[in-house]
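A.B. asks: One structure, pasted below without further comment.
Number of protein chains: 2
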Amino acid sequence: MNFTLHPRLEAGTHRLGFTKGCHILLKNNAAFPWIIIVPEVEKGIEDLHQLTPERYAEVAFLIRSVSHFVSDHFQTEKLNVACIGNVVRQMHLHIVGRSESDPAWPGTVWACDVKKSYSEEKIAAIKSTAQTELQLEG
Amino acid sequence: MNFTLHPRLEAGTHRLGFTKGCHILLKNNAAFPWIIIVPEVEKGIEDLHQLTPERYAEVAFLIRSVSHFVSDHFQTEKLNVACIGNVVRQMHLHIVGRSESDPAWPGTVWACDVKKSYSEEKIAAIKSTAQTELQLEG
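These protein sequence lines are chains S and C, in that order.
Positions 855 to 992 (the working numbering) are the ones given, in order, by the first sequence.
Positions 855 to 992 (the working numbering) are the ones given, in order, by the second sequence.
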């Protein structure tokens with residue numbers, strides 16, 4: 855499949871790897887443990903229910919694996935999982951670990967302007983753990 | 855299972871019916887076609903990935919059916935599907951039909967204060983169609 859990541863996703867994330875036909879990205883905002891899954895899909899498909907049942911199941915269970923990873927690795931209190939995409943229409947799924955101490959709590963991260971940078975070391979550590987635990991290709 | 859709907863979900867929705875161990879509710883805001891799924895889950899479970907793989911698959915495919923229903927019945931342009939629950943911790947899933955003409959576009963509905971009432975006739979019509987198309991128990 856001829857795949858190009860949307861420029862806004864490209865600019866707003868660090869690449870962690872690829873698995874199950876999906877790109878796994880770390881949102882470049884250390885204020886929240888925030889993974890974005892971008893499934894490679896056919897042209898014109900924007901919503902999860904438009905996938906075939908087989909592909910839907912594959913993506914749904916990848917969401918489950920990534921949810922476990924975020925919850926376990928970042929020791930968060932609650933997960934927020936969403937497919938929104940009103941602005942960036944390329945299908946992408948948010949898995950965000952939430953805690954009472956985070957700057958958007960209890961509101962949503964999409965309504966929050968707080969940004970915090972990751973260090974290069976921190977990004978490398980998250981990438982290494984994600985690649986092992988989610989069995990990502992580089 | 856001993857199930858009680860959270861008072862805020864009870865107050866903010868109209869009941870459409872029950873299927874696959876889940877309550878299907880219509881958000882009482884006619885500004886958006888907005889269905890809420892409340893799965894009956896064991897005590898302490900708040901996030902989807904905490905469900906067993908079998909129950910996870912069942913709920914995931916119910917989300918798919920409800921997504922088709924919202925998309926087809928309300929002829930929306932985009933779906934927003936989310937499990938958030940930072941305030942109301944009883945697990946509940948939002949399936950919201952979005953359009954460029956809606957009052958929150960392109961922002962999220964959770965950051966929008968616009969409310970609009972349904973007529974009793976409209977609620978009855980949606981309930982009747984949902985019960986047929988989603989094979990709901992009353």
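Glycine is no exception: its CB is placed at the ideal position from the N, C-alpha and C atoms.
Where does Thr858 (chain S) land, buried or exposed, given buried means 16+ other C-beta within 10 angstroms?
C.D. replies: exposed
A.B. asks: Roughly how many angstroms lie between the CA atoms of Gly898 (chain C) and Leu933 (chain S), to the nearest whole one?
C.D. replies: 14 Å
A.B. asks: So the candidates are C:Glu896, C:Lys874 and C:Ala865; which of them puts its Cα closest to the Cα of Asn856 (chain C)?
C.D. replies: It is C:Glu896.
A.B. asks: Ignoring anything shorter than 3 residues, give me the beta strand (DSSP E) runs that lie fully in the region 873-919 of chain C, in order along the chain.
C.D. replies: 876-881 and 888-893
A.B. asks: Would you kindly check if the distance between the Cβ of Ile917 (chain C) and the Cβ of Ile891 (chain C) is under 8 Å?
C.D. replies: Result yes, Cβ atoms of Ile891 (chain C) and Ile917 (chain C) sit closer than 8 Å.
A.B. asks: Measure the beta-carbon distance from Gln942 (chain C) to Cys937 (chain S) and round it to whole angstroms, keeping in mind my assumption that it falls under 8 Å.
C.D. replies: The sequence given here has Val at residue 942 (chain C), not Gln. Contact between Val942 (chain C) and Cys937 (chain S) is absent: CB atoms are separated by about 20 Å, not below the 8 Å threshold.
A.B. asks: Check the Cβ-Cβ distances between His946 (chain S) and every residue of chain C, and say whether any is below 8 Å.
C.D. replies: no
A.B. asks: Please indicate yes or no: does the CB of Tyr972 (chain C) lie closer than 7 Å to some heavy atom of the ligand NAP?
C.D. replies: This structure simply doesn't include the ligand NAP, nor any ligand for that matter.
A.B. asks: To the nearest angstrom, how far is it from the Cα of Glu900 (chain S) to the Cα of Pro907 (chain S)?
C.D. replies: Distance between the alpha carbons of Glu900 (chain S) and Pro907 (chain S): 15 Å.
A.B. asks: If you measure from the beta carbon of Arg952 (chain C) to each beta carbon in chain S, is any gap under 8 Å?
C.D. replies: yes
A.B. asks: Interface residues of chain S around Pro960 (chain C) at Cβ under 7 Å?
C.D. replies: Asn940 and Val941
A.B. asks: Just confirm the distance between the C-beta atoms of Val924 (chain S) and Ile889 (chain S), as a whole number of angstroms; I'd bet it's less than 8 Å.
C.D. replies: 6 Å
A.B. asks: Spell out the partners DSSP gives Leu947 (chain C) in its beta bridges.
C.D. replies: C:Ile891 and C:Cys937
A.B. asks: Sorted by chain position, which residues of the same chain lie with C-beta nearer than 7 Å to Thr983 (chain S)'s C-beta, five sequence neighbours on each side aside?
C.D. replies: His927
A.B. asks: At 7 Å on the CB atoms, spell out the chain C contacts of Tyr910 (chain S), in chain order.
C.D. replies: Here the neighbours are Arg918.
A.B. asks: Look up His868 (chain S) in the DSSP assignment and give the residues it is bridged to.
C.D. replies: S:Leu880
A.B. asks: Taking 6 Å as the limit between beta carbons, can you name the residues of its chain near Leu902 (chain C), skipping five residues before and five after?
C.D. replies: Cys937
A.B. asks: To the nearest angstrom, how far is the alpha carbon of Ile930 (chain C) from that of Gly951 (chain C)?
C.D. replies: Per the sequence presented here, residue 930 (chain C) reads as Thr, with Ile not at that position. Rounded to the nearest angstrom, the two C-alpha atoms are 5 Å apart.
A.B. asks: Considering only DSSP beta bridges, list what Lys932 (chain C) is partnered with.
C.D. replies: Lys932 (chain C) pairs with C:Arg952.
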